[in-house]
Amino acid sequence: DTDGTWLAGRDGTAAMIMPGNPQLGDVYRPENICGLVFEEVVVKSIGMTVDGPRGPVAGAIVAEELHMDATREDKTFAPGYGEFATGSGADREVLAIAVPEDALPGLPPSELETVASAAGEIFETASSADWEAVAGSLGEITAAWEAFRSGALPPILKAEFDSALARLAGTVTARDPAEARRAALAVTLAGLDLQLSYRTAAETDLDLLDLWARRLIVEAEEGDRGRVLGAAATLGWIRDRIARDVSFEELQAIDARLNGLRAAVLVEDLTAATRGATSLRSTLAGTKVIVRER
């Protein structure tokens, strides 16, 4: 539950996040104020090995969680990662791809910076059907990736980038502007995932806000209101994550742009939504993350 604030033991019965040494069949309640917040967890499996970002992670547990609304979902917890994966059936809500223990020293490698800048160029030039320029940027991405992928990379993220790059190459061959722009954003996202080990989550989230603003622009230009609504909702979720990592004034500016964008989407004015997303991108370009200890 993410609505409101409460203190276990003061506002209601004490709760337990997890036993120190979880055993098969253990039952505990991370949230235990019935009528306000409630989660009851049953440990279903222990000693599991899961596929982590950089290889197998031993010692994981799988639990089933009962919510206040009577819904259930499975959760996997892994050493060093905490909540590793969450979902029910094919509905996957959370998946860990990098955590602070995976942090690497220094700035993101130059190859990943090249990927980000060249994918951004494709997003801009594909709309004008300048396929010669697009092909040149695609070549830069391909060369940078070939140089970078030979290193020790998380297999899941390597496969994600390979897939995104193949998709981009296909759209360039087909000379499909809208799909090329979407594919360029997929490459950008795959590159951001690889940069997570070198950057803070807040820095990445600022880039994700820009990415989803661009995604909204593409969908609005294509007249796809459903996808525009989805992009607008995603922007709101990411905004909530960076709220404490930017200045109050910068957050106010972001909120003003987002509110205008949402208003345009709700009345199905996709032209105004495009202008709002473009304005949001301009605001984000001048926004800085508050530096904190990693």
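Take 433 as the starting number for the sequence shown in my numbering and just add one per residue.
Backbone N, C-alpha and C define an ideal beta-carbon position, used for all residues, glycine too.
Name the residue from the options whose alpha carbon lies nearest to the alpha carbon of residue i.
i: residue 620; options: 553, 472, 690; result: 553
i: residue 429; options: 604, 677, 579; result: Since the first residue shown for the chain is 433 and the last is 726, residue 429 is missing from the structure and cannot be characterised.
i: residue 470; options: 506, 498, 546, 505; result: 498
i: residue 460; options: 651, 475, 481, 674; result: 475
i: residue 557; options: 548, 547, 569, 546; result: 569
i: residue 576; options: 664, 501, 545, 518; result: 545
i: residue 719; options: 705, 653, 642, 664; result: 642
i: residue 712; options: 688, 549, 723; result: 688
i: residue 453; options: 722, 477, 543, 715; result: 477
i: residue 668; options: 655, 463, 648; result: 648
i: residue 537; options: 507, 627, 645, 714; result: 627
i: residue 447; options: 465, 523, 594; result: 465
i: residue 555; options: 617, 670, 504; result: 617
i: residue 518; options: 501, 539, 535, 493; result: 493
i: residue 681; options: 539, 721, 706; result: 721
i: residue 547; options: 581, 535, 559; result: 581
i: residue 574; options: 449, 535, 463, 623; result: 623
Which value, in whole angstroms, describes the spacing of the CA atoms of residue i and residue j?
i: residue 564; j: residue 614; result: 18 Å
i: residue 561; j: residue 609; result: 6 Å
i: residue 758; j: residue 472; result: With the chain covering only 433 through 726, there is no way to say anything about residue 758.
i: residue 433; j: residue 709; result: Summary for residue 433: the model assigns pLDDT 47, below 50, so the residue's position carries little reliability, and this model does not support an answer.
i: residue 723; j: residue 625; result: 20 Å
i: residue 664; j: residue 597; result: 25 Å
i: residue 686; j: residue 716; result: 7 Å
i: residue 653; j: residue 480; result: 47 Å
i: residue 524; j: residue 506; result: 10 Å
i: residue 495; j: residue 655; result: 42 Å
i: residue 571; j: residue 684; result: 40 Å
i: residue 456; j: residue 520; result: 20 Å
i: residue 601; j: residue 503; result: 42 Å
i: residue 593; j: residue 714; result: 27 Å
i: residue 509; j: residue 451; result: 12 Å
i: residue 650; j: residue 445; result: 49 Å
i: residue 672; j: residue 587; result: 30 Å
i: residue 706; j: residue 500; result: 39 Å
i: residue 468; j: residue 443; result: 10 Å
i: residue 543; j: residue 595; result: 18 Å
i: residue 550; j: residue 463; result: 46 Å
With which residues is residue i paired in a DSSP beta bridge?
i: residue 680; result: Its beta-bridge partners do not exist; DSSP assigns none.
i: residue 464; result: 470
i: residue 488; result: 483
i: residue 524; result: 519
i: residue 459; result: 474
i: residue 509; result: 493, 515
i: residue 673; result: For residue 673, which the question treats as bridged, DSSP gives no partner whatsoever.
i: residue 498; result: 472, 504
Original post:
Can at least three beta-carbon pairs, one atom from the segment 502-521 and one from the segment 476-492, be found at a separation below 8 Å?
Top reply: yes
Original post:
Counting pairs of Cβ atoms below 8 Å between the segment 679-695 and the segment 590-607, do you hit three or more?
Top reply: no
Original post:
Does the pairing of the segment 649-661 with the segment 697-715 give three or more beta-carbon distances under 8 Å?
Top reply: yes
Original post:
Does the count of Cβ pairs from the segment 631-641 and the segment 671-680 closer than 8 Å reach three?
Top reply: yes
Original post:
For the segment 542-623, which segments carrying the alpha helix (DSSP H) assignment without a break, of at least 4 residues, lie completely within its bounds, in sequence order?
Top reply: 542-558, 563-580, 587-606
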